[in-house]
Amino acid sequence: MSSIPDDLQYTEEHEYVKSDTEDGVIIIGITDYAQGELGDVVYLDLPAVGTEVKRMDVFGTIEAVKAVSELFSPAGGEVVEVNQALDADPSLVNTDPYEEGWMIKLRVGNAAELEQLLSASDYAQHVGE
Amino acid sequence: MQWTLILEDDARCGRDNMSIDHGLLQAARTGGGFLRLYRWNPPCLSFGRNEPAKTRYDGDRIRSLGLDTVRRPTGGRAVWHDRELTYAVAAPIDTFGSLQQTYAAIHHLLAAALRRLGVPASIAPRPSERAPRLGSGACFAAPMGGEIVVGERKLVGSAQLREGDAFLQHGSVLMEEGQDMVARITSGLSSPIAATSLSEVLQRPPDYQDVARVIATEAERCWKGSWTRQTRSPDAAVGDKFGDSCWTWRR
Chain C
42 MSSIPDDLQY TEEHEYVKSD TEDGVIIIGI TDYAQGELGD VVYLDLPAVG
92 TEVKRMDVFG TIEAVKAVSE LFSPAGGEVV EVNQALDADP SLVNTDPYEE
142 GWMIKLRVGN AAELEQLLSA SDYAQHVGE
Chain Z
42 MQWTLILEDD ARCGRDNMSI DHGLLQAART GGGFLRLYRW NPPCLSFGRN
92 EPAKTRYDGD RIRSLGLDTV RRPTGGRAVW HDRELTYAVA APIDTFGSLQ
142 QTYAAIHHLL AAALRRLGVP ASIAPRPSER APRLGSGACF AAPMGGEIVV
192 GERKLVGSAQ LREGDAFLQH GSVLMEEGQD MVARITSGLS SPIAATSLSE
242 VLQRPPDYQD VARVIATEAE RCWKGSWTRQ TRSPDAAVGD KFGDSCWTWR
292 R
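In order, the protein sequences belong to chains C and Z. Under my numbering, think of the first position of the first sequence as 42, with each following residue one higher. Under my numbering, think of the first position of the second sequence as 42, with each following residue one higher.
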């Protein structure tokens, strides 16, 4: 069983959304289930700070031993921070996906878009857990 | 599911092969699956999508040896494509289930086909150690969990790309040895190659057509749906990134 924290929101594409301490900013990463499927992560291609994305735009790619996959933005907005620690150690995505392994922080343009995300129980059902 | 089996008559250059595989991925996004079996001419060195080729490999030596080069759309590490059979599977993402189920379905099919040829192929268990970073050299330097091995030596190297609603997985079935070419063009020390080949295992040179035929037959038997066969791929896209040295040497 993978970890699916109750207090986060999720996409069907296996990203999670966590509220940042700053209002209107969300933290995005991939779920424990997703990292388990991908296997050991070896490289991340993430956007530069300042990049504007729309909801469900591809904001980057992740390369693991099993596959290269696209990363989808759960909401539209501006990238305000990128996890630089992943440059040196992409395996943080595997070892601590919800804390040290976060990927980007996004200042959300339209908060209503977050209402379309999955709850933890919906996501658990989506991945069959 | 409508499957198209492409048994290529003619070998192609690296640029065309990667362009065609990527084109099959695009086609799979609108439904339908593809299994393509093919060769390379001239032999070609392919880099993984994100591999640091500029620092890892000796560009002057590659040029002096006159090697064809290409960067794959998929990840992983360098492969020397010479005496091998290459497979590509492109299909909608839910064809075989999850990512790991997809990987397993394709490798179990290939292993079963190879066993029909008398090769004691098996699936490598998941290792206890983490995977090496991208700078660690040849694709065939070490087997990872889920890969096709004979004993502890890798026989097939595979990589998968998932874009939108479809995936592409392609890989090399080594007919004969030759992966030491990667070590020859590596800057500095390279990992020792832990590969084997059909020739070594069978103690005779394998026939490409025999290997292709047994894989094709196994796929038609195991993967449900209707199958059509063709001997030519769709044409490679004109002017795409796979012929662009800026893409090949982007890192």
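We put the beta carbon where it would ideally sit given N, CA and C, even for glycine. Bear in mind the structure is a predicted one, so any value in this text is a computation, not a measurement.
For residue j and residue i, the rounded distance between their alpha carbons
i: glycine 176 of chain Z; j: isoleucine 164 of chain Z; result: Because glycine 176 of chain Z sits at a pLDDT of 49, beneath the cut-off of 50, its placement in the model cannot be relied upon, and the point is left open.
i: glutamine 271 of chain Z; j: glutamine 201 of chain Z; result: 23 Å
i: threonine 258 of chain Z; j: alanine 152 of chain Z; result: 13 Å
i: glycine 198 of chain Z; j: glycine 150 of chain C; result: 43 Å
i: isoleucine 256 of chain Z; j: arginine 156 of chain Z; result: 10 Å
i: leucine 49 of chain C; j: glycine 169 of chain C; result: 18 Å
i: serine 44 of chain C; j: proline 138 of chain C; result: 10 Å
i: alanine 89 of chain C; j: proline 131 of chain C; result: 17 Å
i: alanine 129 of chain C; j: glycine 142 of chain C; result: 12 Å
i: valine 106 of chain C; j: leucine 65 of chain Z; result: 22 Å
i: glycine 91 of chain C; j: glycine 65 of chain C; result: 15 Å
i: alanine 224 of chain Z; j: aspartate 276 of chain Z; result: 33 Å
i: cysteine 263 of chain Z; j: leucine 159 of chain C; result: 36 Å
i: glutamate 204 of chain Z; j: isoleucine 234 of chain Z; result: 31 Å
i: leucine 87 of chain C; j: glutamate 193 of chain Z; result: 35 Å
i: glycine 138 of chain Z; j: arginine 102 of chain Z; result: 43 Å
i: leucine 85 of chain C; j: glycine 229 of chain Z; result: 25 Å
i: glutamate 119 of chain C; j: leucine 46 of chain Z; result: 44 Å
i: glycine 116 of chain Z; j: glutamate 92 of chain Z; result: 8 Å
i: serine 240 of chain Z; j: asparagine 58 of chain Z; result: 24 Å
Identified DSSP bridge partners for residue i
i: leucine 155 of chain C; result: Leucine 155 of chain C is not bridged to any residue.
i: alanine 236 of chain Z; result: Z/Lys195
i: glycine 212 of chain Z; result: Z/Tyr128, Z/Ser199
i: aspartate 86 of chain C; result: C/Thr102
i: tryptophan 358 of chain Z; result: Only positions 42 to 292 of chain Z appear in this structure, which leaves residue 358 of chain Z out of reach.
i: serine 163 of chain Z; result: Z/Val190
Secondary structure of residue i, DSSP reduced to three states
i: threonine 102 of chain C; result: strand
i: glycine 176 of chain Z; result: Residue placement at glycine 176 of chain Z is flagged as unreliable, the pLDDT there being 49, under the threshold of 50; the coordinate-derived value follows with that caveat. It is helical.
i: serine 199 of chain Z; result: strand
i: tyrosine 74 of chain C; result: helix
i: tyrosine 139 of chain C; result: coil
i: glycine 75 of chain Z; result: Note that residue 75 of chain Z is phenylalanine in the sequence shown, not glycine. Looking at phenylalanine 75 of chain Z - three-state DSSP - the assignment turns out to be strand.
i: phenylalanine 137 of chain Z; result: coil
i: glycine 107 of chain Z; result: coil
i: serine 160 of chain C; result: coil
i: arginine 156 of chain Z; result: helix
i: histidine 148 of chain Z; result: helix
i: glycine 118 of chain C; result: strand
i: lysine 59 of chain C; result: strand
i: valine 66 of chain C; result: strand
i: cysteine 54 of chain Z; result: coil
i: isoleucine 61 of chain Z; result: helix
i: isoleucine 47 of chain Z; result: strand
Under 8 Å between C-beta atoms of residue i and residue j
i: valine 123 of chain C; j: arginine 90 of chain Z; result: no
i: leucine 155 of chain C; j: valine 83 of chain C; result: no
i: arginine 56 of chain Z; j: glycine 266 of chain Z; result: no
i: aspartate 206 of chain Z; j: isoleucine 134 of chain Z; result: yes
i: arginine 97 of chain Z; j: threonine 227 of chain Z; result: yes
i: tyrosine 128 of chain Z; j: leucine 76 of chain Z; result: yes
i: glutamine 220 of chain Z; j: alanine 236 of chain Z; result: yes
i: valine 252 of chain Z; j: leucine 126 of chain Z; result: yes
i: isoleucine 71 of chain C; j: glutamate 56 of chain C; result: yes
**Report entry** Short-range partners of chain C found in the region 109-125 of chain Z, where Cβ spacing is below 9 Å
**Finding:** Look at the region 109-125 of chain Z: the residues with a C-beta under 9 Å from a C-beta of chain C are Pro114, Thr115, Gly116, Gly117.
Requested in this report: Determine which residues of the region 87-98 of chain Z have a Cβ less than 9 Å from any Cβ of chain C, and write them out in chain order.
Outcome: Only those residues of the region 87-98 of chain Z whose C-beta falls short of 9 Å from the nearest C-beta of chain C are listed: Gly89, Arg90, Asn91, Glu92.
Query - Contact residues within the region 104-128 of chain C, judged by C-beta distance below 9 Å to chain Z - result: Residues of the region 104-128 of chain C that bring their beta carbon within less than 9 Å of a beta carbon in chain Z comprise Glu104, Ala105, Val106, Lys107, Ala108, Val109, Ser110, Glu111, in sequence order.
Query raised in the report: Using a beta-carbon distance cut-off of less than 8 Å, what residues from the region 73-96 of chain C approach chain Z?
Result: Result list: Glu78, Leu79, Gly80, Asp81, Val83, Tyr84, Asp86.
Report task. Can you give me, in chain order, the residues of the region 186-208 of chain Z that have a beta carbon less than 8 Å from any beta carbon in chain C? Result -> The residues in question are Gly186, Gly187, Ala200, Gln201, Leu202, Arg203, Glu204, Gly205, Phe208.
Report task. Give, in chain order, every residue of the region 207-230 of chain Z whose Cβ lies closer than 9 Å to some Cβ of chain C. Result -> Residues Phe208, Gln210.
Report task. Check each residue of the region 240-264 of chain Z: if its Cβ is closer than 8 Å to any Cβ of chain A, include it; give the result in chain order. Result -> Protein chains in the displayed structure are C and Z, and chain A is not among them.
Requested in this report: Could you name the residues of the region 134-158 of chain Z whose beta carbon sits closer than 8 Å to any beta carbon of chain C, in the order they occur along the chain?
Outcome: Across the region 134-158 of chain Z, CB contacts with chain C closer than 8 Å involve Ser139, Leu140, Gln141, Tyr144, in sequence order along the chain.
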